[in-house]
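Beneath this line is the structure, given in structure tokens, with notes to follow.
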Amino acid sequence: MPALSPTMTQGNLVTWKKKEGDSIEAGDVIAEVETDKATVDYEAVDDGILAKILVPEGTEDVLVGTSVAVVVDEAGDVGAFADYVPSSSTGNKAELAPAKPAPAPAPAAAAPPPPPAGVVAAAAPRAAGAPVPASPLAKRMAAQMGIPLAALKGTGPGGRVIAADVKEPSAEEATTAKGAAPGAAVVPAGAEYIDLPNSNIRKVTAKNMVKNKNENPHYYVMMEIEMGALMGALEAKISVNDYVIKAAALALKEVPACNSSYTDEYIRERCQYSAADISVAVNTDRGLLTPIVFGAASSRWVFEDMWKAPTNAGYCEQTLAGLAKENKLKPEQFLGGTFTISNLGSMGVKQFTAIINAPQACILAVGGADVKVVPDGKGGFTTKSVMVVSLSSDHRVVDGMIAAQFLKSFKKYMENPLLLLLSAP
């Protein structure tokens, strides 16, 4: 199992793209692996023949470094691995393959013969309330379709539910399920809750958020942004978030200390990155992802195009946010980033604070625009559209005055949208 992201320690082997006996060439996609960030392709590094698959598809929590398959150079060597079983897994949580049992003494009573080679024995009945073994893809499909895993008959190894098993049960199956043992019963109507499995992304996000909040000394600086001029300049294809990303990137050029990071090995308090690579928080059904708009301050783009994936990634017609939701981001599209933006304004949220995306020093939380009654300076009152933003900063890197300078610069660009258009190189 390769490390397909810098923070990956284990992964789920979603599916094999090649079968035993297939020839492979360097660069061929041989499997799909769900990492802590996304589901990515596992590409072969050498030519050869796939002699033996050691980790079946659907296996979860396979530690990096675990042997997942055997590749040989010559077709004549394939047969030598037909019955091969690893002597031990390299830390894999899942049992890769059961070892062949040692011959046992003849029992007093005749015992049923063992299943012939190559035949998978039926899975043992599950205890009541026991978790249902299922592949990650099958779990997601079942959750989306509202089908309890316990209502499905698994045809994978050991009775594991695989993607092909996820379908609406027939009338006969539904009747059988109603009369089945408690361990296989469907979730009753009116149940108070249902347990949904955590994806790798969700697990890693939870771990990182706790770590970041506990280890990074957060403080928060807030500012109101008058949105009248910007709202008047909006076009159909340009969203508020487009302006926010551009304004933040330009503000980082003016206050580069907010474009810094901190590590345990050394303090990079005033490291000024040459580019503002903006990570944008995107919610998906698997958890939070942060695709990156690289060089958002200096690159030459039209607002709508800045959200487009790089042409060389082959997704030039799709947005990064769309790729994130479809689980199609490539590692180079979400690894890195020097500053993060989280925008909940479209959900009706007016104001919030966010947890820093370490090792970055800052994250900007953006609320939605709201109408506010204010004095008009002539003894009366008027209304204005106001958006509240909150900058969370790591006090080890960014002092309060620096955070205030950043928000002042950000406010300047947001309240004068013409400056954003004139700033393009």
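The opening residue of the sequence shown carries number 1 in the UniProt record's numbering; numbering runs sequentially from there.
Virtual Cβ for every residue (Gly too), placed ideally from N, Cα, C.
Quantities reported herein were computed from a predicted structural model and do not represent experimental measurements.
Candidates the options: closest to residue i by CA position
i, options, result
"Pro133", "Gly58, Pro375, Ala251", "Gly58"
"Ala69", "Glu43, Asn357, Lys52", "Lys52"
"Asp195", "Ala164, Asp242, Ile147, His218", "Ile147"
"Ile201", "Lys408, Gly11, Ser392, Leu419", "Gly11"
"residue 455", "Thr263, Asp77, Ala38", "Because the chain here runs from 1 to 425, residue 455 falls outside it and cannot be looked at."
"Ala404", "Glu43, Asp61, Ala251", "Ala251"
"Thr7", "Asn416, Pro331, Ser409", "Pro331"
"Asp31", "Lys37, Val55, Ile245, Met414", "Checking the displayed sequence, the identity of residue 31 turns out to be Ala instead of Asp. Nearest option by C-alpha distance: Val55."
"Cys258", "Gly337, Tyr42, Gln351, Val293", "Gly337"
"Phe334", "Phe294, Val62, Thr382", "Phe294"
"Gly232", "Lys17, Val33, Met414, Thr15", "Met414"
"Asn216", "Leu418, Tyr42, Met387, Val397", "Val397"
"Tyr220", "Ser5, Leu407, Leu13, Pro2", "Leu407"
"Ala297", "Ala80, Ser67, Ile278", "Ile278"
"Val40", "Ala365, Met223, Glu326", "Glu326"
"Ser67", "Ser87, Asp399, Thr319", "Ser87"
"Phe322", "Val204, Thr284, Ala247, Val62", "The sequence shown places Gly at residue 322, rather than the Phe named in the question. Taking only the C-alpha atoms, the option nearest Gly322 is Thr284."
"Gly287", "Thr15, Ala26, Pro197, Thr155", "Pro197"
"Met347", "Cys362, Phe339, Lys246, Gly367", "Gly367"
"Pro256", "Asn343, Phe410, Phe381, Asn357", "Phe410"
"Thr9", "Ala365, Met401, Val204, Leu419", "Val204"
"Gly400", "Gly380, Asn343, Ile225, Ala361", "Ala361"
"Ala276", "Leu13, Ile245, Glu265", "Ile245"
Own chain residues within Cβ distance below 6 Å of residue i, not counting five before or after
i, result
"Ile355", "Met209, Asn212, Lys213"
"Ala138", "Val161, Ile162, Ala163, Val166"
"Lys328", "none"
"residue 433", "Here the chain comprises residues numbered 1 to 425, so residue 433 is not present and cannot be evaluated."
"Ala15", "The sequence given here places Thr at residue 15; Ala does not occur at that position. Contacts found: Glu32, Glu57."
"Ala3", "Val64"
Counted within 10 angstroms of its Cβ, other Cβ atoms place residue i as buried (16 or more) or exposed
i, result
"Val166", "buried"
"Gly377", "exposed"
"Leu421", "exposed"
"Glu60", "buried"
"Lys350", "exposed"
"Gly345", "buried"
"Tyr84", "exposed"
"Met227", "buried"
"Met1", "buried"
"Lys207", "exposed"
"Lys153", "exposed"
"Pro375", "exposed"
Residue range of the beta strand (DSSP E) that includes residue i
i, result
"Ser409", "From DSSP, Ser409 is part of no beta strand (DSSP E) but of the alpha helix (DSSP H) over 400 to 415."
"Leu288", "287 to 289"
"Gly48", "48 to 53"
"Pro375", "370 to 375"
"Ile30", "29 to 34"
"Asp41", "39 to 43"
"Asn357", "Per DSSP, Asn357 belongs to no beta strand (DSSP E) and is neither H nor E."
"Gln10", "10 to 16"
"Phe381", "381 to 394"
"Asp61", "59 to 63"
"Val280", "278 to 280"
"Ile341", "339 to 343"
Unbroken alpha helix (DSSP H) run spanning residue i, endpoints
i, result
"Ala75", "No alpha helix (DSSP H) contains Ala75, which DSSP labels as neither H nor E."
"Ser324", "The displayed chain sequence assigns Ala, not Ser, to residue 324. It spans 320 to 325 - the alpha helix (DSSP H) in which Ala324 sits, taken as one unbroken run."
Neighbourhood of residue i by C-beta, 8 Å cutoff - its chain only, sequence neighbours within 5 removed
i, result
"Pro359", "Ser261, Tyr262, Thr263"
"Lys18", "Ile24, Asp28, Ile30, Ala31, Leu50"
"Leu230", "Val240, Tyr243, Met414, Glu415, Pro417"
"Gly48", "Ser23, Ile24, Val71, Val72, Asp73"
Contact set for residue i: own chain, Cβ-Cβ below 7 Å, skip 5 residues either direction
i, result
"Ser5", "Thr35, Asp36, Lys37, Pro331, Leu335"
"Lys372", "Thr383, Lys384, Val386"
"Ala75", "Ile49"
Unbroken stretches of the alpha helix (DSSP H), 4 residues or longer, contained in the stretch 190 to 275: If only uninterrupted alpha helix (DSSP H) runs of at least 4 residues are considered, those enclosed by the stretch 190 to 275 are 200 to 215, 228 to 233, 240 to 254.
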